[in-house]
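If you use mature numbering (1 follows the signal peptide of the UniProt record, and there is no 0), the sequence shown corresponds to residues -20 to -1, 1 to 317, in order. C-beta atoms are modelled at their ideal positions from N, C-alpha and C, and glycine is treated no differently. Written below as structure tokens is the structure these notes are about.
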Amino acid sequence: MVATTSLLFAASSILSLAFAAPIRRAPRSLVERNAYHVYGGDGSTGEGWPAQSSWLSFEDLWTANKPIIQVSCSQFSTANPTDDEVQSIHDALVSVSSSAGIPSAFLLAIMMQESKGCPRVPTTTYSNTNPGLFQSFNGKGSCNTGGTITNPCPPAMITTMVSEGAGLGLAFGLTQAITQSNVNDVSKYYKGARIYNSGSIGPGGNLGSGVATHCYATDIANRLTGWASGSSSCQETTIASVGGSSTTTTDNSNSSTDNSQTNNNTNTNTNTTPATNSPTAPKAAGASGSCKSWYTVKAGDTCESTGVSLSKLIELNTSLDANCSNLWAGSAYCTAA
């Protein structure tokens, strides 16, 4: 989550195992688990958003996301989590969930959106500092600050990162964002996610409008219902115009990972930072070594702001994930080589 003084910007194979009896629920089909549903509107079940009863359990979501967490630091060119670190993340999510009164499944979904579970995720510094697993607002918890990397990341520090993401001991976090939603139904989580990402909800209440990552809330809803990787059919440039009860889906059932998502929308943003022949900011991890043109990301930018297709951007910047959800403000990305 990339934050400014008044706004908080946030700077994805699914395998759910069916064990022996007792069976808690009928297993979902592979197609259903891997499908991405675009949710538009205000986050309410009346507009088609998932009821909390449709969320997978924390342990089922953990099973689906654990393989991603285990390789999550590759995107930042740092050491991937050890087995002990992965277990510490699991335990911290459960513990903080109890302390904060926030569902552990929701905490997991936000963490995957922010860092993919990398304990050595870089600290983003714009107008404010956003460190750790949740890219918290002015937090202290981090195992990668100013180029100083801690490996392994201590369990206590991992717990601090999760606690700060939940808003414990900070002026702002998920607890405060959920409260600011001013509702008591399940939409408080989808609205809270959007507020955590951007600091506010756009005029009219559509969770795809406003600033920062427009697909953030629908991504979280999909993560809670089992989507962990594969392509997203949510388009940053059009989600604000999508109303409730959307049924648009992307079926990822035939692929455990998908790095082929493309964006067919023409970039019409006239307020972007122009591409340059030499980087004016630190190079993003994984940027092409033969790059001839660079784009420096600023707060509020999306991958469309770079002026190149998503597939080309990922090709030239290998640290970017398939959904381009880990674009860092203040970093220079290659746009031509």
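Kindly list the residues whose CB is nearer than 6 Å to the CB of residue i, restricted to its own chain and excluding five residues on each side of it in sequence; keep chain order.
i	result
residue 158	168 and 172
residue 147	153, 154, 155 and 156
residue 177	-11, 192, 193 and 196
residue 297	264, 266, 267, 313 and 314
residue 36	206
residue 3	With a pLDDT of 26 at residue 3, under the threshold of 50, the modelled position of this residue cannot be trusted, and the question is left open.
residue 161	168, 171 and 172
residue 63	none
residue 12	Because the pLDDT at residue 12 is just 46, under 50, the model does not fix this residue reliably, and the value given afterwards should be weighed accordingly. There are no such residues.
residue 45	92 and 208
residue 24	167
residue 259	274 and 312
residue 68	135 and 138
Looking at C-alpha atoms only, which residue of the options is the closest neighbour of residue i?
i	options	result
residue 287	299, 68, 273 and 306	273
residue 303	209, 186, 203 and 139	209
residue 165	20, 311, 26 and 306	26
residue 97	174, 186 and 42	42
residue 185	136, 145 and 223	223
residue 163	317, 151, 22 and 294	22
residue 320	220, 284 and 143	In the structure as shown, the chain begins at -20 and stops at 317. Residue 320 is therefore absent and cannot be evaluated.
residue 327	150, 122, 149 and 151	There is no way to answer for residue 327, as the model of the chain reaches only from -20 to 317.
residue 31	202, 109, 281 and 259	202
residue 145	111, 170, 134 and 133	111
residue 18	188, 68, 114 and 76	188
residue 136	28, 204, 70 and 20	70
residue 38	57, 113 and 72	72
residue 33	204, 74 and 68	204
residue 28	68, 198 and 281	198
residue 56	103, 134 and 259	103
residue 20	259, 200 and 281	200
residue 66	40, 150, 134 and 24	134
Just to confirm my understanding: we take residue i, look at its own chain, exclude 5 residues before and 5 after, and list those with CB closer than 7 Å. What are they?
i	result
residue 261	276, 310, 311 and 312
residue 317	268, 270, 271, 272 and 296
residue 190	178, 180, 181 and 182
residue 77	83, 84 and 87
Using a Cβ-Cβ cutoff of less than 8 Å, which residues in the same chain neighbour residue i once the five nearest sequence positions on both sides are dropped?
i	result
residue 283	216, 243, 290, 293, 300, 304 and 307
residue 53	59, 60, 61, 98, 99, 100 and 101
residue 79	143, 146 and 148
residue 120	111, 140 and 144
residue 74	38 and 84
residue 151	117 and 118
Throw me the rounded Cβ distance for the residue i and residue j pair, which I believe falls under 8 Å.
i	j	result
residue 108	residue 117	6 Å
Original post:
Touching or not, the segment 42 to 50 and the segment 81 to 97, by the rule of three or more beta carbon pairs under 8 Å?
Top reply: yes
Subject >> Any 3 or more C-beta pairs closer than 8 Å across the segment 146 to 157 and the segment 208 to 228 >> reply: no
**OP:** Please determine if the segment 107 to 127 and the segment 74 to 85 are in contact, where contact requires at least 3 C-beta pairs separated by less than 8 Å.
**Re:** Because the criterion of three Cβ pairs below 8 Å is not met, the segment 107 to 127 and the segment 74 to 85 do not touch.
**OP:** Any chance you could list the alpha helix (DSSP H) runs of at least 4 consecutive residues sitting entirely within the segment 27 to 79, in chain order?
**Re:** 38 to 49
**OP:** Pick out the complete alpha helix (DSSP H) segments inside the segment 122 to 205, 4 residues or longer, and give them in chain order.
**Re:** 135 to 146, 154 to 160, 167 to 178 and 196 to 204
**OP:** Identify every run of the alpha helix (DSSP H) within the segment 289 to 317, keeping only runs that are complete inside it and at least 4 residues long; order them along the chain.
**Re:** 290 to 296
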